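Its first residue numbered 1, the sequence shown is counted upward by one per residue in my numbering. So the structure is just underneath, and the comments pick up after that.
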Amino acid sequence: MPLILVDKPEGPTSHAVVSTIKRALGADKVGHLGTLDPFASGLLPILVGNTARLADEAMNGEKGYLFTIGFGRETDTLDPTGRVVAEAALPTLLTATLIDSALNNFRGLIEQVPPVYSALKMNGMPLYQHMRATGKLPVDIESKRRQVTVHSMSCLDFTEDWLTLRVVCSKGTYVRSLARDIAKTLGTLGTCIKLRREWVEPWHVDSALKVFLEPTGRIAPPEIVELKKACQPPWNVAPKLKRAALSIEHKARFLSGNPIEVESQKLEWIKSEKERGSEGDLQVLAGSKVIVECDDAIFLCDLDFSQSGSYILQPRKKIS
Numbered sequence: 001m002p003l004i005l006v007d008k009p010e011g012p013t014s015h016a017v018v019s020t021i022k023r024a025l026g027a028d029k030v031g032h033l034g035t036l037d038p039f040a041s042g043l044l045p046i047l048v049g050n051t052a053r054l055a056d057e058a059m060n061g062e063k064g065y066l067f068t069i070g071f072g073r074e075t076d077t078l079d080p081t082g083r084v085v086a087e088a089a090l091p092t093l094l095t096a097t098l099i100d101s102a103l104n105n106f107r108g109l110i111e112q113v114p115p116v117y118s119a120l121k122m123n124g125m126p127l128y129q130h131m132r133a134t135g136k137l138p139v140d141i142e143s144k145r146r147q148v149t150v151h152s153m154s155c156l157d158f159t160e161d162w163l164t165l166r167v168v169c170s171k172g173t174y175v176r177s178l179a180r181d182i183a184k185t186l187g188t189l190g191t192c193i194k195l196r197r198e199w200v201e202p203w204h205v206d207s208a209l210k211v212f213l214e215p216t217g218r219i220a221p222p223e224i225v226e227l228k229k230a231c232q233p234p235w236n237v238a239p240k241l242k243r244a245a246l247s248i249e250h251k252a253r254f255l256s257g258n259p260i261e262v263e264s265q266k267l268e269w270i271k272s273e274k275e276r277g278s279e280g281d282l283q284v285l286a287g288s289k290v291i292v293e294c295d296d297a298i299f300l301c302d303l304d305f306s307q308s309g310s311y312i313l314q315p316r317k318k319i320s
């Protein structure tokens, strides 16, 4: 079952997009990677069937966002859907040089305090549930301070009211927190008023299926022909993993989930588009995770080597 890249519009929840795709495909299991808030738009990878089992392997790469900070106000959610909790004067005499100097504080390895309205858990419950239930957290939000990496950040446009930036960052970065903290560095308060996810390594939103809204605000069901054209094979969910094909004689044991010792010539490595133009054999290390196909069965496997140099495959997750 496939991977589908969707360009989510502003307004609907990520869950609503998933439900629309699920109904259109008539599929039993459909999920997504990396929730986008309703006010946000952009790349939402949709996983159909057992491809969801590759979620951990898929979300470790870089993310890219286009976002706008609205100056002068801070909301409790740090986005435009929240309640205004503080106001400040707009920044004065903003220049490109001043902005870039401020952004230098947020490039590289940084520490972030996440929004109090987020899915991080405290005492076994997401922070947003604590806030909605009682209006406060059981422990100070500072206890959730974390390190993230901002690989690059650049200013695209600005006025005294707002600032638009493009950022490439590590997994776990909260753009809403970046907006709050950058505004404070510029001497004011701020809220993330627009957010678009452009990049989830290695996918870009430009190659995603566009989803549109009806006049009622509901998601228009995508054409089934376009939806099927947008489907990608399951191994594309984790494109950094090596792929191999196992001869069909091993299928029964492969499906049983037991370890398999395979002579090197019985395992055919499948090169990716990038690897096809390179010289030499694929380098696969002991302890690697690999995707292995055997007839119509596909598993995520742990790979090791026997003393004789044969491969040892341990099937872990059935993908298809």
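Where a beta carbon is used, it is the ideal one built from N, C-alpha and C, also for glycine. Since we're looking at a predicted model, the values are computed, not measured.
In or out: residue i buried (at least 16 other Cβ within 10 Å) or exposed?
i: H15; result: exposed
i: D79; result: buried
i: S308; result: exposed
i: V175; result: buried
i: I248; result: exposed
i: K240; result: exposed
i: S118; result: buried
i: T191; result: buried
i: H130; result: buried
Which residues in the same chain have their Cβ closer than 7 Å to the Cβ of residue i, if we skip the five residues on either side of it in sequence?
i: N50; result: M1, K318, I319, S320
i: L321; result: With the chain covering 1 to 320 only, the question about residue 321 has no answer from this structure.
i: L255; result: A297
i: A102; result: I182, T185, L186
Where does residue i sit, in a helix, a strand or coil, going by DSSP?
i: V116; result: coil
i: A24; result: helix
i: R145; result: coil
i: E160; result: coil
i: L109; result: strand
i: I77; result: Contrary to the premise, residue 77 reads as Thr rather than Ile in this sequence. In the structure shown, T77 sits in coil (DSSP, three-state: anything other than H, G, I, E or B).
i: G187; result: coil
i: F39; result: coil
i: Y174; result: coil
i: T68; result: strand
i: K266; result: helix
i: E62; result: coil
i: K210; result: strand
i: R166; result: strand
i: R218; result: coil
Apart from the five residues just before and just after residue i, which ones in its own chain have a Cβ nearer than 6 Å to its Cβ?
i: D76; result: G82, R83, V85
i: E293; result: A245
i: L227; result: A24
i: E261; result: S306, S310, I312
i: D304; result: A286, I312
i: F299; result: V292, P315, K318
Could you check how far apart the C-beta atoms of residue i and residue j are, in whole angstroms? I think they sit under 8 Å.
i: A88; j: G72; result: 6 Å
i: L90; j: E160; result: 5 Å
i: V150; j: T185; result: Their Cβ separation, rounded to whole angstroms, is 13 Å, which puts V150 and T185 out of contact at 8 Å.
i: E198; j: L66; result: 6 Å
i: K242; j: V284; result: 6 Å
Determine the extent of the beta strand (DSSP E) in which residue i is found, giving its start and end residues.
i: A297; result: 297–305
i: L321; result: Limits of the chain in this structure are 1 at one end and 320 at the other, which puts residue 321 out of reach.
i: D7; result: 3–8
i: I312; result: 311–318
i: I291; result: 289–294
Output needed for residue i: all residues of its chain with C-beta closer than 8 Å, excluding positions within five of it in sequence on either side, in chain order.
i: V17; result: V6, K8, H32, L44, I46, V211, I219
i: A52; result: K29, G31
i: L120; result: P114, P126, L127, K144
i: I110; result: Q147, V148, T149, V150
i: C301; result: K289, V290, I291, V292, L313, Q314, P315, R316
By the DSSP assignment, the alpha helix (DSSP H) with residue i in it spans what residues?
i: V225; result: 224–230
i: H130; result: 127–134
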